[in-house]
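> Residue numbers (our numbering): 17 to 191.
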């Protein structure tokens with residue numbers, strides 16, 4: 017939790033039960049993956065954003081099965097909702113490409129001059145090569161598959177000791 021609060025970790029995923037009692041300020045988004053059992057639970061979850069006059073978004077993924085209950089909750093509590101459609105595969109791909117290009121361009125602006133001088137001739141040669149798309153795809157795959165320097169390994173819980181036997185570990189022989 018401390019790493020999330022400090023900004024070292026950008027995303028936090030929890031179950032409904034695990035999120036009880038967690039109080040985090042300045043949440044910009046809360047994603048609600050299932051309609052809660054009670055309207056109060058929904059309002060509490062959605063209220064994690066926009067505290068103390070700040071704005072935030074609660075994004076609810078509502079199945080056709082839960083739609084009637086969700087609409088009833090919206091009317092009862094006068095919640096303003098907007099329906100968003102799921103983006104198409106092409107839209108997702110276009111957004112991904114734009115994010116990658118923006119990220120690489122920003123990192124390129126910070127490239128030390130020595131590195132630029134070393135790699136610029138290679139970049140120009142690749143740009144002229146007949147298989148430039150394949151070469152760039154290979155480089156991008158290697159770049160994005162390499163672990164980031166700031167990548168955080170998930171914490172692995174300690175394994176539980178095996179349950180103790182009532183007989184002190186001795187096995188009885190049947191005769």
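In this text, a Cβ means the ideal position worked out from N, Cα and C, and glycines have one as well.
On a predicted model such as this, the values are computed, not experimentally measured, just so you know.
Go ahead and label residue 58 buried or exposed: buried means 16 or more other beta carbons lie within 10 angstroms of its beta carbon, across all protein chains shown.
For the purposes of this step, residue 58 is taken as the residue at position 42 of the chain shown. Buried.
> Once the 5 residues before and after residue 86 are set aside, which same chain residues still bring their CB inside 8 Å of it?
Residue 86 sits at position 70 when you count from the first residue of the chain shown. Contacts found: 51, 76 and 78.
> Could you have a look at residue 143 and say whether DSSP puts it in helix, strand or coil?
Residue numbering aside, residue 143 sits at position 127 when the chain shown is read from its first letter. Looking at residue 143 - three-state DSSP - the assignment turns out to be helix.
> Buried or exposed: where does residue 155 fall if 16 or more other Cβ atoms within 10 Å of its Cβ makes it buried?
For this step, residue 155 is matched to residue 139 along the chain shown. Counting Cβ neighbours within 10 Å, residue 155 comes out exposed, since fewer than 16 surround it.
> Quick one: which unbroken beta strand (DSSP E) runs of 3-plus residues sit fully inside the stretch 66–118? Chain order, please.
Correct list: 73–76.
> Report the CB separation of residue 45 from residue 23 in whole angstroms; it is logged as a contact under 8 Å.
Position 29 of the chain shown, counted from the start, is the residue given in the question as residue 45. Position 7 of the chain shown, counted from the start, is the residue given in the question as residue 23. The Cβ separation is near 15 Å, so there is no contact.
> Does the beta carbon of residue 62 fall short of 7 Å from some heavy atom of the ligand HEM?
No copy of the ligand HEM occurs in the structure displayed, which carries no ligand at all.
> Any idea if residue 158 is buried or exposed, counting beta-carbon neighbours within 10 angstroms, 16 or more meaning buried?
By one-based count along the chain shown, residue 158 stands at place 142. Exposed: under 16 other Cβ atoms inside 10 Å.
> Taking residue 47 as part of the beta strand (DSSP E), name the residues at either end of that continuous run.
For this step, residue 47 is matched to residue 31 along the chain shown. That run of the beta strand (DSSP E) goes 45–48.
> By alpha-carbon positions, which one of 153, 99 and 113 ends up nearest to residue 105?
The sequence position of residue 105 within the chain shown is 89, counting from 1. Closest option to residue 105, Cα to Cα, is 113.
> What's the C-alpha gap between residue 61 and residue 108?
As a working mapping, residue 61 is identified with position 45 in the chain shown. As a working mapping, residue 108 is identified with position 92 in the chain shown. Taking the straight line joining both Cα atoms gives about 27 Å.
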